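Using the working numbering, the first residue of the sequence shown is number 310, and each one after it goes up by one.
Note that CB positions come from ideal geometry on N, CA and C, so glycine has one too.
These numbers come from a predicted model, not from an experiment.
Worksheet: the structure to be examined is printed underneath.
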Amino acid sequence: MSSLINTIKDKVSGKDNTSQPSQENEQTFSIQPHPAKTNDPRDLQPSLGGGLNTNPEIGAFHARDPYVPSQEIKDNLPPAKSREELRARAQELNKE
């Protein structure tokens, strides 16, 4: 029943259904909500409660130990290149 009414409306209004697919390809934009609950900029700053773990500046002190490769990995590494070899390689790569 509703399709019959829609067909009649389309004929009376002079709209053509072939224009519908072109509208589907258009970009649509919407407004996203702002995370602040008030206009106070301090609301966006992280809270200081919960101890030192919530402070990102202190996070560097909770880093893990440095990575030390096993002896097998160390044995399979190629020998280190000299400064002259590294400079020559850098010049070669910078030519291109």
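Distance, Cα to Cα, residue 366 vs residue 354?
Cα-Cα distance, rounded: 13 Å.
The alpha helix (DSSP H) that contains residue 404, what's its start and end?
392–404 is the extent of the alpha helix (DSSP H) around residue 404.
Kindly indicate which three-state DSSP category residue 334 falls into: helix, strand or coil?
Correct three-state label for residue 334: coil.
Helix or strand or just coil, what does DSSP make of residue 387?
Coil.
By the three-class DSSP mapping on this structure, what secondary structure does residue 380 have?
In the structure shown, residue 380 sits in a helix (DSSP, three-state: H, G or I).
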